[in-house]
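> The structure's right below; bear with me while I get my questions together.
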Amino acid sequence: MAVRTLLSRKTLASVLLRNDIGAGGMAAAAAAGAAQTHSRGIHALTLPDLGYDYGALEPVISGEIMQIHHQKHHQTYITNYNKALEQLQDAIAKSDSSAVVKLQSAIKFNGGGHVNHSIFWKNLAPPREGGGESPHGSLGWAIDTHFGSFEALIKKVNAEGAALQGSGWVWLGLDKEFNKLVVETTANQDPLVTKGSSLVPLFGIDVWEHAYYLQYKNVRPDYLKNIWKVINWKYVSEVYEKESSA
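Residues 0 to 245 in numbering that gives the first Met the number 0 are what the sequence shown lists, from first letter to last.
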């Protein structure tokens, strides 16, 4: 069967996003305000704005790190994703199945980088805007139920994040199948949904070195210890309440 009969140009972007990144991951990115524009009949991604200044998270995360992380690293994922998607569209038009297969990894990696970072920016807030305040309400109760206490959750996330070899992410997620909170890690730019289709990310911490090295050098545990001071629990709670009741 010809490649073009498997994927039409009209549905190209949506199918790849669902198959390679996962519907849950893209839904989370949409909730995080991920922007898209139309280009050549496909959905081209654009860099989302932050809800705060680059220096607003200091001294936990320096303004220099935030600016480079957002303008350089996140933008690179978007640029490479859009490029790969255009190449894929051309390959499908030419029925070049070999090229289609080769492009899948680039789409997954760069698309995942966009999804994960779009969530990450929303997970953070300056202390003056509530960043670092302990979770309350239904999420606070769920944390106590599934982990024993908020302090126990912090300890588990920090341990999992510090132990992750190489680059990746540590997540607090909701397993919608069992209505249970879970802590998971993913390698490289894999979204949480790659660990299970019923998993929805509530917050994720980027443990790639580009997220902390300029400030914390090679001491990832210090970065993990301090980032809790700027976690946006109001936003995390809103996502939890929406997803747990859906």
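Even for Gly, the Cβ is constructed at its ideal location relative to N, Cα and C. All values derive from a computational prediction rather than experimental measurement.
At the level of alpha carbons, what is the spacing between glycine 129 and isoleucine 106?
Walking along the sequence shown from the start, residue 129 turns up at place 130. Walking along the sequence shown from the start, residue 106 turns up at place 107. The straight-line gap separating the alpha-carbon atoms of glycine 129 and isoleucine 106 is approximately 35 angstroms.
> Under 8 angstroms by Cβ, that's how I've got glycine 112 and glutamine 188 pegged, so tell me the actual separation to the nearest angstrom.
Position 113 of the sequence shown, counting from 1, holds the residue named residue 112. Position 189 of the sequence shown, counting from 1, holds the residue named residue 188. Contact holds; Cβ gap of about 4 angstroms.
> What whole-angstrom Cβ distance do leucine 173 and glutamate 242 have, given they're in contact under 8 angstroms?
Position 174 of the sequence shown holds residue 173. Position 243 of the sequence shown holds residue 242. Confirmed, about 5 angstroms.
> Any idea what DSSP makes of glycine 136, helix, strand or coil?
As a first step, residue 136 must be located in the sequence shown, where it is residue number 137. It is helical.
> By a C-beta neighbour count over all protein chains shown, 10 Å radius and 16 as the cutoff for buried, is serine 117 buried or exposed?
As a first step, residue 117 must be located in the sequence shown, where it is residue number 118. With 16 or more other Cβ atoms within 10 Å, it is buried.
> When the Cα atoms are used, what is the spatial distance from asparagine 115 to glutamine 103?
The residue given as residue 115 occupies position 116 in the sequence shown. The residue given as residue 103 occupies position 104 in the sequence shown. Distance between the alpha carbons of asparagine 115 and glutamine 103: 18 angstroms.
> Go through the segment 59–142 residue by residue and report every complete run of the beta strand (DSSP E) that reaches 3 residues or more, in order.
none
> Which residue marks the beginning of the beta strand (DSSP E) containing valine 181, and which one marks its end?
Working through the sequence shown from its first residue, we reach residue 181 at position 182. Unbroken beta strand (DSSP E) run through valine 181: 179–186.
> DSSP three-state call for alanine 43: helix, strand or coil?
Position 44 of the sequence shown holds residue 43. DSSP places alanine 43 in the strand class (E or B) of the three-state scheme.
> Quick check on the burial criterion: 16 or more other C-beta atoms within 10 angstroms. Buried or exposed for lysine 121?
For this step, residue 121 is matched to residue 122 along the sequence shown. With 16 or more other Cβ atoms within 10 Å, it is buried.
> Look at leucine 223 and alanine 151 and say whether their C-beta atoms are less than 9 angstroms apart.
Stepping through the sequence shown from its first residue, residue 223 is reached at position 224. Stepping through the sequence shown from its first residue, residue 151 is reached at position 152. Remark: C-beta atoms of leucine 223 and alanine 151 do not approach each other more closely than 9 angstroms.
> Mind checking whether valine 134 and valine 235 have CB atoms under 9 angstroms apart?
Here residue 134 corresponds to residue number 135 of the sequence shown, with the count starting at 1. Here residue 235 corresponds to residue number 236 of the sequence shown, with the count starting at 1. The question names valine, but residue 134 is proline in the sequence shown. Their beta carbons are under 9 angstroms apart, which means proline 134 touches valine 235 by this criterion.
> Helix or strand or just coil, what does DSSP make of aspartate 174?
Position 175 of the sequence shown, counted from the start, is the residue given in the question as residue 174. The answer is strand: DSSP assigns aspartate 174 an E or B state.
> Measuring alpha carbon to alpha carbon, tell me which of Trp227, Ser94, His42 and Val99 ends up nearest lysine 155.
Within the sequence shown, the letter at position 156 stands for residue 155. For the residues Trp227, Ser94, His42 and Val99, the minimum Cα distance to lysine 155 belongs to Trp227.
> What separation, rounded to the nearest whole angstrom, lies between the Cα atoms of isoleucine 153 and lysine 93?
The count along the sequence shown starts at 1 and reaches residue 153 at position 154. The count along the sequence shown starts at 1 and reaches residue 93 at position 94. Looking at the two C-alpha atoms, the distance is approximately 51 angstroms.
> Less than 7 angstroms between C-beta atoms, sequence neighbours within five positions excluded: which residues of the same chain meet that for lysine 101?
Residue mapping note: residue 101 aligns to position 102 of the sequence shown, counting from 1. Taken in chain order, the list of residues that qualify is empty.
> To which residues does DSSP link isoleucine 204 through a beta bridge?
On the sequence shown, residue 204 is found 205 positions in, with the first residue counted as 1. The partner list for isoleucine 204 (beta bridge, DSSP) reads Val169.
> Where does phenylalanine 119 land, buried or exposed, given buried means 16+ other C-beta within 10 angstroms?
Counting from one through the sequence shown, the residue named residue 119 turns up at place 120. Phenylalanine 119 comes out buried.
> For aspartate 48, count the other beta carbons within 10 Å of its own beta carbon; 16 or more makes it buried, fewer makes it exposed. Which is it?
Sequence index remark: in the sequence shown, residue 48 carries index 49 (1-based). So aspartate 48 ends up on the exposed side.
> On the CB-based measure, 16 or more other CB atoms within 10 Å of its CB, does alanine 186 come out buried or exposed?
Here residue 186 corresponds to residue number 187 of the sequence shown, with the count starting at 1. Exposed, by the Cβ-count rule.
> Work out the CA separation of isoleucine 91 and glycine 147 for me, nearest whole Å.
The count along the sequence shown starts at 1 and reaches residue 147 at position 148. The count along the sequence shown starts at 1 and reaches residue 91 at position 92. When rounded, the distance between both Cα atoms is 51 angstroms.
> Whose C-beta lies closer than 7 angstroms to the C-beta of histidine 68 among residues of the same chain, with five residues either side of it excluded?
Within the sequence shown, numbered from 1, the residue matching residue 68 stands at position 69. Excluding sequence neighbours, histidine 68 sits near His209 and Ala210.
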